[in-house]
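A.B. asks: Residues in the sequence shown are numbered consecutively from 1, following the working numbering. All residues carry an ideal CB built from backbone N, CA and C; glycine is no exception. All of these numbers come straight from a predicted model, not from anything done at the bench. Please find one structure pasted underneath; my questions will follow.
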Amino acid sequence: MKLLFLILNILLICTFVKCQLPKNVYANFIPHGDDSSCSSKVSGLGFSFQPQNCFYNIAHNGLVQKESSFLVIIDALRVGVAQYDNYNNNTCSGNFVSANSYKNGSCVQTPPFITFNGSINSYQLSNQYSLVTITNSPLYIANTQVYSQFDNGGYNGCGSDSGNDSGNDSDSGSDNSSSLYYMTYSTSGLKFSPPNDSNDPNSVTIQCSNGNASVLICKEGDSSSSSSSSSSSCNQQDVTMPCTPGDDNFNEIFCTLPN
């Protein structure tokens, strides 16, 4: 209980007095599937956040967080995450749900920034683990499909070189990415299945080919839905999106290149 109050105090102080951080610092959650040691190949759904902000309606390829908002801060080489039950505003108000503090370099169960039912090569991701890192620029992982949201506060554009020339397994974007608000990314081949309570019968499989982003949408249960678009119940769609203005931000979707 004392630890919980300490985490909350740090989060609140950093929210209202803005902890002093170097410019362009990012909190990253690099996915490693169900590997609790985070020593295997990167796989799953990853996140990169500009801290000291409240994140709501966190999205990735049709998936949207519709239950909670998250306050993410960095303090003393630790990443703090507080969850609130109000998802539709940028103040992280509402009822407090939980708070956790993660040491830089630790392997943790991925916070529920987006809840999803996912699998890779038919192997179910029941509990995803992520490597927590703190970097001076957002991480662009090779052969992943990236959704980026940029804060347009005084800046007209996405403010990056898209990162889609990145070929390293854990590479960083350009120095011009200072306006990046947050980034979500999924490894190629990750399949999102509909929740049990969903009326949508379709699964979505992430695909990347030479930097082009696409998804394979299949009726759940189709035997070919994990690998090809040959089935009549499957439909491949290009989802690549250049820097596009939204209501109060800019968005971009692309694939990084493989190693």
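According to DSSP, simplified to helix, strand and coil, what is residue 179?
C.D. replies: Position 179 of the sequence shown holds residue 179. DSSP places residue 179 in helix when its eight states are reduced to three.
A.B. asks: According to DSSP, is residue 56 part of a helix, a strand, or is it coil?
C.D. replies: For this step, residue 56 is matched to residue 56 along the sequence shown. In the displayed model, residue 56 falls within coil according to three-state DSSP, outside both helix and strand.
A.B. asks: What's the C-alpha gap between residue 142 and residue 98?
C.D. replies: As a working note, residue 142 is residue 142 in the sequence shown. As a working note, residue 98 is residue 98 in the sequence shown. Whole-angstrom Cα-Cα distance: 32 Å.
A.B. asks: Label residue 201 either buried or exposed according to how many other C-beta atoms from any shown protein chain fall within 10 Å of its C-beta, with 16 as the threshold for buried.
C.D. replies: As a working note, residue 201 is residue 201 in the sequence shown. It counts as exposed.
A.B. asks: Rounded to whole angstroms, what is the Cα-Cα separation between residue 257 and residue 140?
C.D. replies: As a working note, residue 257 is residue 257 in the sequence shown. As a working note, residue 140 is residue 140 in the sequence shown. If you draw a straight line from the Cα of residue 257 to the Cα of residue 140, it is about 10 Å long.
A.B. asks: Can you check whether the C-beta of residue 130 is within less than 8 Å of a C-beta belonging to chain D?
C.D. replies: No chain D appears in the structure shown, which is made up of a single protein chain.
A.B. asks: Hey, residue 31 and residue 110 are a contact pair by Cβ (cut 8 Å); roughly how many whole angstroms apart?
C.D. replies: Locating residue 31 in the sequence shown gives position 31, where the first residue counts as 1. Locating residue 110 in the sequence shown gives position 110, where the first residue counts as 1. 7 Å between Cβ atoms; contact.
A.B. asks: Got a sec, what are the start and stop residues for the beta strand (DSSP E) residue 240 sits in?
C.D. replies: Translated into the one-based positions of the sequence shown, residue 240 becomes position 240. Unbroken run through residue 240: none, as it is neither H nor E.
A.B. asks: Take the Cβ of residue 28 as the centre, count every other Cβ of all protein chains shown within 10 Å, and call the residue buried at 16 or more, exposed below.
C.D. replies: For this step, residue 28 is matched to residue 28 along the sequence shown. Buried, by the Cβ-count rule.
A.B. asks: When DSSP builds the beta bridges, which residues end up paired with residue 81?
C.D. replies: Numbered from 1 along the sequence shown, position 81 holds the residue referred to as residue 81. 72, 100.
A.B. asks: Restricting to Cα atoms, I'd like to know which of 215, 147, 246 is closest to residue 46.
C.D. replies: Sequence index remark: in the sequence shown, residue 46 carries index 46 (1-based). Comparing Cα positions, the closest option is 147.
A.B. asks: Within the continuous beta strand (DSSP E) that includes residue 134, where are the two ends?
C.D. replies: The sequence position of residue 134 within the sequence shown is 134, counting from 1. Run containing residue 134: 129 to 135, per the beta strand (DSSP E) assignment.
A.B. asks: List the endpoints of the continuous beta strand (DSSP E) containing residue 215.
C.D. replies: Counted from its first residue, the sequence shown places residue 215 at position 215. That run of the beta strand (DSSP E) goes 212 to 219.
A.B. asks: Under 8 Å by Cβ, that's how I've got residue 84 and residue 100 pegged, so tell me the actual separation to the nearest angstrom.
C.D. replies: Here residue 84 refers to the residue found at position 84 of the sequence shown. Here residue 100 refers to the residue found at position 100 of the sequence shown. Between residue 100 and residue 84 the Cβ distance is about 13 Å, and since that is not below 8 Å, they are no contact.
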